[in-house]
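The structure appears right after this line, and notes come after that.
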Amino acid sequence: MQVTYRISPGGNSGINYRSEAVAGLAYALRGYQADIDYANKYTGMNYEERGRTTVARRGEHVVLPPVDTSAPANGPEDNRWPARQVVASLGDDGALRAAIRDNDWNTYRILARGNRLQHYVNGVLMSDITDRDPVHRRRGG
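Residue numbering for the sequence shown follows our numbering, starting at -3 and increasing by one per position.
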């Protein structure tokens, strides 16, 4: 999937995919989210909404191993899923951040093939996940 976006000052949003509606909460989804924010602090990362929280920050190639516990409502104090394993760097955060155009149009591309999830902004790979957790990963939605 590929979209072109521009976000308003102060905005914080994202593109939810492989998601399901949360019963009892209007407009709430549970699933993967390609983050977008005006300050570009989070743009490019993968956040699992109402699930494992931050699963990959910008610049990280992450493996999510199987875990025996249910997904907590929140991650640890830095809002990252504790079981995640960073296996490689995709580059310096500052250099990746420089690929994102401020207050302008950007292209966001999401590649979701099987258990591999990749987020590209303006053609630059920002985060890469291999989700090996059969209990928590999402295959559709």
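Backbone N, C-alpha and C fix where the C-beta goes; we use that ideal spot for every residue, glycine too.
Counted within 10 angstroms of its Cβ, other Cβ atoms place residue i as buried (16 or more) or exposed
| i | result |
| --- | --- |
| V131 | exposed |
| T103 | exposed |
| M41 | buried |
| T49 | buried |
| T0 | exposed |
| R80 | buried |
| Y23 | exposed |
| V83 | exposed |
| A19 | exposed |
| N36 | buried |
| L113 | buried |
For residue i: DSSP bridge partner residues
| i | result |
| --- | --- |
| I140 | Missing from the structure shown is residue 140; the chain here goes from -3 to 137 and no further. |
| V82 | V58 |
| D31 | G10 |
Option in the options with minimal Cα separation from residue i
| i | options | result |
| --- | --- | --- |
| A108 | R14, P5, I3 | R14 |
| M122 | D74, R54, V82 | R54 |
| G145 | A52, R97, Q29, D64 | The chain is shown from -3 up to 137; residue 145 falls before or after that span and cannot be answered. |
| R93 | E16, I32, I11, A17 | I32 |
| H57 | D124, R134, V63 | D124 |
| P78 | G47, G10, S85 | G47 |
| D89 | P62, Y43, Y38 | Y38 |
Sequence-distant residues of its chain with Cβ nearer than 7 Å to residue i (five each side left out)
| i | result |
| --- | --- |
| G6 | Y34 |
Proximity test, residue i beta-carbon vs the ligand GTP heavy atom, cut-off 8 Å
| i | result |
| --- | --- |
| E56 | With respect to small molecules bound, the structure shown includes none, and the ligand GTP cannot be examined in it. |
Minimum Cβ-Cβ distance from residue i to chain B less than 9 Å
| i | result |
| --- | --- |
| A91 | Among the protein chains of the structure shown there is no chain B, as only one such chain exists. |
Beta-carbon proximity list for residue i, same chain, < 8 Å, skipping 5 on both sides
| i | result |
| --- | --- |
| R133 | L60, N111, D127 |
| S85 | G55, E56, H57 |
Legend entry - the segment 112 to 120 in contact with the segment 88 to 102 per 3-pair CB rule at 8 Å: yes
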